[in-house]
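As structure tokens, the structure follows; a few thoughts come after it.
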Amino acid sequence: MILNASGCLDALTAPAVAQQLDAFVAKTVTLEPRQGNEPPRLAETDHGMLNSIGLQNPGIERFSAEVLPHLEKLGVPLWASVGGTEASDYREVCSRLARFDSIVSIELNLSCPNVDLAAGSASEIVAACREVTSKPLYAKLSPVLPDIARVALAVRGAGADGLSLVNSLRGLALDERTLRPRLGRAVGGYSGAALRPVALAAVYTCYAATQGEMPIVGMGGVESGRHALDLVACGASAIALGSVLLSDPDAPARIRAELACELDTREFAALEQARGAAHRPAER
Amino acid sequence: MPRRERCRVVARESIGPYSLLRLDRGGLDAGLPGQFFMLEAPGRTLPRPFSTCQARKGELAFLIDPIGPATRALCALEVSAAITLFGPLGNGFRTDVAKPLLVGGGIGVAALPYTWEAMGGPPAILGFRSADHAEAGALVPGAEICIEPTLVTDLLPDEPRDLLACGPEPMLRELRRLSPDAQLAWEAPMACGYGACYGCAVEIDGEFKRLCVEGPILNGRSPVTPILAREVGQ
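Chain order of the listed sequences is A and B. At position 210 of the first sequence (counting the first as 1) the number is 209 in numbering that gives the first Met the number 0, and the numbers step up by one without a gap. At position 10 of the second sequence (counting the first as 1) the number is 9 in numbering that gives the first Met the number 0, and the numbers step up by one without a gap.
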């Protein structure tokens with residue numbers, strides 16, 4: 000199962016790209032509209048890129064009335080991504096999304112590096128949302144949590160059905176000439192190839208902590224079928240593509256084909272057989 | 000329709016400090032003057048946007064100023080090397096205007112040779128910071144050339160003209176002040192070029208909007224806050 004990382008694709012400006020996916024994850028929506036962060040919002044670094052978009056979105060009211068009806072016409076299963084500044088925001092947005100049958104899952108963005116973190120713990124936010132929706136809830140976590148396994152167990156206890164691992168890291172780059180930050184907000188989300196081993200560690204750790212019982216959407220620096228397979232072997236049950244979509248709009252179809260080849264070469268009959276392979280004892 | 004295709008370098012010409020990178024366009028559509036392509040920059044994470052400079056038969060050419068790691072990598076490409084192009088993207092110039100005048104500044108002249116050709120050779124004024132940079136003026140035959148401290152805005156005719164312009168932000172802002180209907184090609188750091196990331200957002204009409212979707216030609220509108228494209232570099 001291949002998805003996009005939330006905020007890395009607009010299905011309305013690029014429907015043909017979204018239609019290559021098994022599900023489209025919408026850009027994070029919040030209770031009120033957000034203008035997003037001051038430009039400049041992008042800076043490439045030697046091993047990845049920084050973004051500082053800041054959850055720009057029209058708010059749940061306009062999203063429901065103006066964006067969702069168009070997304071529903073794409074013929075692709077839809078995931079919503081929900082952000083907020085406190086648990087009650089998340090809860091209210093989830094409550095308003097509950098009536099849309101077209102939304103098959105909700106990802107709770109608990110870890111955007113480009114906005115002030117929400118008050119309340121991840122498990123409090125999950126618990127608040129669980130009260131108002133029966134849709135599958137995925138908790139999207141930051142890779143810099145001191146103990147990500149503990150948080151994974153806590154959100155499961157609060158009612159999360161799955162995990163989305165990982166969000167981008169916080170990073171900063173300076174202008175060579177002025178020695179001033181290149182991003183308008185100084186610090187941004189660091190993604191791309193450098194995030195790959197970080198994502199593998201988070202998926203590996205959470206798969207082990209949850210004994211493989213929670214679905215995990217793995218993401219972070221995936222650029223090829225081999226990268227996707229690595230995440231699956233660590234414990235991901237689905238893959239999301241982020242930065243790669245910016246440089247390669249054909250990435251979903253390409254990576255799907257490459258992943259199928261990788262599975263075939265290693266004689267895995269299905270993705271599920273490869274899941275968690277990194278946790279199995281080495282053959283002697 | 001935008002497409003993505005691997006294209007071979009057929010020539011790389013030095014023009015002052017710039018390089019004109021000519022590629023075999025394969026099945027790519029050249030698009031409209033003022034539209035742009037995302038060019039894969041060897042060894043870099045993100046592609047870079049470039050206006051179509053020339054669209055001769057079977058080719059696309061891009062004028063590149065080697066000011067950062069990506070543009071330097073593109074300017075170092077050898078003939079027969081291949082890179083991926085994606086485009087044409089964005090909204091181009093309206094060319095059905097009565098009294099056109101092309102105005103370019105610095106590397107902004109990149110968008111004008113194709114525009115000039117598509118419009119049948121309208122008059123043009125081009126400004127550069129040095130005689131070396133001004134060699135790129137030869138890409139627009141018959142253009143009036145000026146070198147700093149003379150500015151293109153010093154040379155504008157008194158009678159109203161339909162301006163189509165590309166160049167540094169102070170130049171565009173002054174043209175906008177002098178001629179509110181001018182068609183201006185703006186620039187912002189861009190990661191995808193097709194609306195995926197909201198990275199190229201500029202403030203237009205009180206809202207942050209994506210320049211790759213709304214522009215880069217913003218007819219009758221302009222970004223409110225400075226974009227500072229040069230600060231983040233290519």
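Beta carbons are placed, not taken as given, at the ideal position from N, Cα and C, and that holds for glycine. Just so we're clear, the structure is a prediction, and the values are computed from it rather than from any experiment.
Quick one: grab the DSSP three-state call for Val103/A. Within the first sequence, residue 103/A is the residue found at index 104, counting from 1. In the structure shown, Val103/A sits in a strand (DSSP, three-state: E or B).
Closer than 8 Å at the beta carbon, the chain B residues around Glu65/A: As a position in the first sequence, residue 65/A is number 66, starting the count at 1. Per Cβ cutoff of 8 Å: no residues; Glu65/A is ~14 Å from chain B at best.
For Phe61/B and Phe85/B, what's the separation of their Cα atoms in angstroms? Counting from one through the second sequence, the residue named residue 61/B turns up at place 62. Counting from one through the second sequence, the residue named residue 85/B turns up at place 86. Straight-line Cα distance between these residues: approximately 13 Å.
Starting from the beta carbon of Ala200/B, find every residue of chain A whose beta carbon is closer than 8 Å, and list them in chain order. Here the question's residue 200/B lines up with position 201 in the second sequence. Here the neighbours are Gly35, Pro38, Arg40, Ile52 and Gln55.
Can you find at least 3 beta carbon pairs, one from the region 122 to 131 of chain B and one from the region 97 to 114 of chain B, that sit closer than 8 Å? yes
Going by the CB atoms, is the gap between Gly33/B and Ala181/B shorter than 7 Å? Taking the second sequence and counting its residues from 1, the one referred to as residue 181/B is at position 182. Taking the second sequence and counting its residues from 1, the one referred to as residue 33/B is at position 34. Result no, Cβ atoms of Ala181/B and Gly33/B do not sit closer than 7 Å.
Any beta carbon of chain A sitting closer than 7 Å to that of Phe207/B? As a working mapping, residue 207/B is identified with position 208 in the second sequence. Closer than 7 Å: yes.
Just reading off the beta strand (DSSP E) that Gly224/A is part of, what are its end residues? Counting from one through the first sequence, the residue named residue 224/A turns up at place 225. No beta strand (DSSP E) contains Gly224/A, which is instead part of the alpha helix (DSSP H) from Gly224 to Cys233.
Determine the closest residue to Tyr113/B out of Ala40/B, Ile82/B and Leu59/B, with distance taken between C-alpha atoms. On the second sequence, residue 113/B is found 114 positions in, with the first residue counted as 1. Here the closest residue by C-alpha is Leu59/B.
Measuring straight from C-alpha to C-alpha, what distance separates Phe62/A and Val28/A? What you label residue 62/A is simply residue 63 of the first sequence in a count that begins at 1. What you label residue 28/A is simply residue 29 of the first sequence in a count that begins at 1. Taking the straight line from one Cα to the other gives about 7 Å.
My output table needs one value for Thr114/B: the three-state DSSP class, helix, strand or coil. Counting from 1 along the second sequence, the entry for residue 114/B is found at position 115. In this structure, Thr114/B counts as helix in the three-state DSSP scheme.
Would you kindly report the start and end of the unbroken beta strand (DSSP E) that includes Leu164/A? On the first sequence, position 165 is the one that residue 164/A refers to. Gly161 to Leu164 is the span of the beta strand (DSSP E), which, as asked, contains Leu164/A.
Does Ala13/A get closer than 7 Å to chain B when you measure Cβ to Cβ? For the purposes of this step, residue 13/A is taken as residue 14 along the first sequence, with counting starting at 1. It does: the Cβ of Ala13/A has a partner Cβ on chain B nearer than 7 Å.
Closer than 8 Å at the beta carbon, the chain A residues around Ala187/B: As a first step, residue 187/B must be located in the second sequence, where it is residue number 188. In chain order: Pro38 and Pro39.
Check each residue of the region 204 to 227 of chain A: if its Cβ is closer than 9 Å to any Cβ of chain B, include it; give the result in chain order. none
Flag Gly33/B as yes if its beta-carbon sits less than 7 Å from any beta-carbon of chain A, otherwise no. Residue numbering aside, residue 33/B sits at position 34 when the second sequence is read from its first letter. It does not; no Cβ of chain A falls within 7 Å.
Measuring only between beta-carbons, confirm whether Gly91/B sits less than 7 Å from chain A. Here residue 91/B refers to the residue found at position 92 when the second sequence is read from its first residue. Judged by the 7 Å Cβ criterion, Gly91/B is not in contact with chain A.
For Thr209/A, does the three-state DSSP call read helix, strand or coil? Position 210 of the first sequence, counted from the start, is the residue given in the question as residue 209/A. Here Thr209/A sits in coil by DSSP.
Since I believe Pro39/A is in contact with Gly183/A (beta carbons under 8 Å), could you give me their beta-carbon distance rounded to a whole number of angstroms? For the purposes of this step, residue 183/A is taken as residue 184 along the first sequence, with counting starting at 1. For the purposes of this step, residue 39/A is taken as residue 40 along the first sequence, with counting starting at 1. Going by Cβ atoms, the distance from Gly183/A to Pro39/A rounds to 5 Å, so yes, they are a contact pair.
Judging by CA-CA distance, which residue of Ala193/A, Ala13/A and Leu262/A is the nearest neighbour of Tyr193/B? In the second sequence, counting from the first residue as 1, residue 193/B sits at position 194. Closest option to Tyr193/B, Cα to Cα, is Ala13/A.
Return the chain-ordered list of same chain residues with a C-beta closer than 6 Å to the C-beta of Ser101/A, the five sequence neighbours on each side being excluded. For the purposes of this step, residue 101/A is identified with residue 102 of the first sequence, where counting begins at 1. Glu71 and Leu77.
Excluding sequence positions up to five away, which residues of its chain have a Cβ less than 6 Å from the Cβ of Cys165/B? Within the second sequence, residue 165/B is the residue found at index 166, counting from 1. Excluding residues within five positions, the ones whose Cβ falls inside 6 Å are Gly103, Gly107, Ala110 and Ala184.
Rounded to whole angstroms, what's the CA-CA distance from Thr209/A to Arg169/A? Just pull it up for me. Against the first sequence, residue 209/A aligns to sequence position 210. Against the first sequence, residue 169/A aligns to sequence position 170. Their Cα atoms are separated by approximately 26 Å.
If we count the other Cβ atoms within 10 Å of its Cβ and call it buried at 16 or more, is Asp45/A buried or exposed? Residue mapping note: residue 45/A aligns to position 46 of the first sequence, counting from 1. Per the 10 Å Cβ criterion, exposed.
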